[in-house]
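Visitor: Chains as they are written, first to last, in this note's numbering: chain A, 341 to 470; chain B, 122 to 211.
C-beta: ideal position from N, C-alpha, C; glycine also.
Structure below; questions to follow.
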Amino acid sequence: MPARSILFRGCAALALGVAVFATAAVAQQRDPAYAAARAAGTIGEKMDGYLGFVGNPSPDVKRVVDDLNIKRKAVYAQQAQAQHATVEEYAFTSGCLAIARTVPGEKYQAPDGSWQTRGSGAPQRDARCP
Amino acid sequence: MKYPELTDRPSLARSLPMQDERNGGRGQGRKVAQAATVLVAGSMMLAGCISVNAPDKPIVIELNINIKQEVIYGLAEDAQKTIDQNKDIF
């Protein structure tokens, strides 16, 4: 095999790797509309592992959140099957963790079902949460 | 001529209880006795040494909580990874 061909293939593979990495990096960031709604407290993390609306959402926020919840459910379903659990069990576990990861100022759902604003301390979580 | 005859013999059988259970006889007697026993036992229970009443509220056994906590603890590690790998939707 000529040296030039090997070099070309190496460059192509590198370019492909960079492209995949860049795509992954983009996919790992929150959509600006989602981030803004979280920070504003118009949406919050629910106990069941999905996002909920604290008040009446604007159509844009509703569309973004509905889309995220569908994506979450797909991920929950895939992982639940791999872990031999139900989607609800996996979603609930993720909800526990997602509430724990909220930052001060964000909204989350307390065990009594009410919306709470995350303070500097630990959030109120279900007794079953790890 | 004098005929030989047993003295003090029992009277002849007039019924064949073994052959005639369906229409009465000993079988019916037994059933009556059983019914009487049930009645007596029933009346003794009614007289009431112990009375057990069904509870008004349904009995609820909450197994759900324990099972779920075990499951949640088993899933926690994997769920952490999943959230880390899908930061765009969490």
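Quick one: residues in its chain with C-beta nearer than 8 Å to the C-beta of VAL404(A), no 5 flanking neighbours on either side, listed in chain order?
Guide: As a working mapping, residue 404(A) is identified with position 64 in the first sequence. These residues qualify, in order along the chain: ASP371, ALA373, TYR374, ALA377.
Visitor: Under three-state DSSP, which class holds TYR374(A)?
Guide: Here residue 374(A) refers to the residue found at position 34 of the first sequence. Note: TYR374(A) maps to helix in three-state DSSP.
Visitor: Roughly how many angstroms separate the alpha carbons of ASP388(A) and GLN206(B), rounded to a whole number?
Guide: Taking the first residue of the first sequence as 1, we reach residue 388(A) at position 48. Taking the first residue of the second sequence as 1, we reach residue 206(B) at position 85. About 19 Å.
Visitor: Check distances from the C-beta atoms of the region 424-442 of chain A to those of chain B and list, in chain order, the residues that come in under 8 Å.
Guide: If the cut-off is 8 Å between Cβ atoms, the region 424-442 of chain A has ALA425, GLU429, TYR430, PHE432, THR433, SER434, CYS436, LEU437, ALA438, ARG441 near chain B.
Visitor: What's the call for TYR430(A), buried or exposed, on a 16-neighbour Cβ count within 10 Å?
Guide: Residue 430(A) sits at position 90 when you count from the first residue of the first sequence. Per the 10 Å Cβ criterion, buried.
Visitor: Skipping 5 residues on each side, what residues in its chain have a beta carbon closer than 8 Å to that of GLY381(A)?
Guide: The sequence position of residue 381(A) within the first sequence is 41, counting from 1. Closer than 8 Å at the Cβ level, and outside the excluded window around GLY381(A), lie VAL394, GLY445, GLU446, LYS447, THR457.
Visitor: So, helix, strand or coil for GLY384(A), using DSSP?
Guide: To locate residue 384(A), count along the first sequence from 1; it is residue 44. GLY384(A) falls in the strand class under three-state DSSP.
Visitor: Helix or strand or just coil, what does DSSP make of ASN409(A)?
Guide: Looking up residue 409(A) in the first sequence gives position 69. ASN409(A) falls in the helix class under three-state DSSP.
Visitor: Mind the definition here: the region 404-423 of chain A touches the region 450-466 of chain A only if three or more C-beta pairs lie below 8 Å; say whether that holds.
Guide: No, the region 404-423 of chain A is not in contact with the region 450-466 of chain A.
Visitor: So if I threshold CB-CB distances at 7 Å, which residues from the region 403-422 of chain A count as touching chain B?
Guide: Residues passing the 7 Å Cβ filter: LEU408, LYS411, ARG412, VAL415, GLN419.
Visitor: Let me check one thing: in DSSP terms, what residues is LYS447(A) bridge-paired to?
Guide: Start at 1 with the first residue of the first sequence, and residue 447(A) comes out as number 107. BP columns for LYS447(A) point to GLY384(A), THR457(A).
Visitor: Could you give the distance in angstroms between the alpha-carbon of SER398(A) and the alpha-carbon of GLY392(A)?
Guide: Position 58 of the first sequence, counted from the start, is the residue given in the question as residue 398(A). Position 52 of the first sequence, counted from the start, is the residue given in the question as residue 392(A). Those two C-alpha atoms are separated by around 13 Å.
Visitor: Is VAL181(B) close to chain A, meaning its C-beta is less than 8 Å from at least one C-beta of that chain?
Guide: Walking along the second sequence from the start, residue 181(B) turns up at place 60. Chain A contact via Cβ: absent.
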